[in-house]
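In the numbering used here, the protein residues as written are 957 to 1032. All residues carry an ideal CB built from backbone N, CA and C; glycine is no exception.
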């Protein structure tokens, strides 16, 4: 009986150590391939700045519409 317990504990320890020995996974934050050029970074930044007001207005309208529909649902 004692041998079975020692064997089971040994197998569990070996399995735990084996599962921790894998290669580390790549982080999703790291860019794939070559780094971006400074001009491309600036273009993306400017594009985001120029499209932000329209997106913010659309989001605000959606929030107001949702609030109105919620008030109508509560009032019924």
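In whole angstroms, what is the alpha-carbon distance linking residue i and residue j?
| i | j | result |
| --- | --- | --- |
| residue 1025 | residue 1016 | 14 Å |
| residue 992 | residue 963 | 54 Å |
| residue 977 | residue 968 | 15 Å |
| residue 1010 | residue 974 | 53 Å |
| residue 990 | residue 996 | 12 Å |
Got a sec, what are the start and stop residues for the alpha helix (DSSP H) residue i sits in?
| i | result |
| --- | --- |
| residue 1009 | 994 to 1031 |
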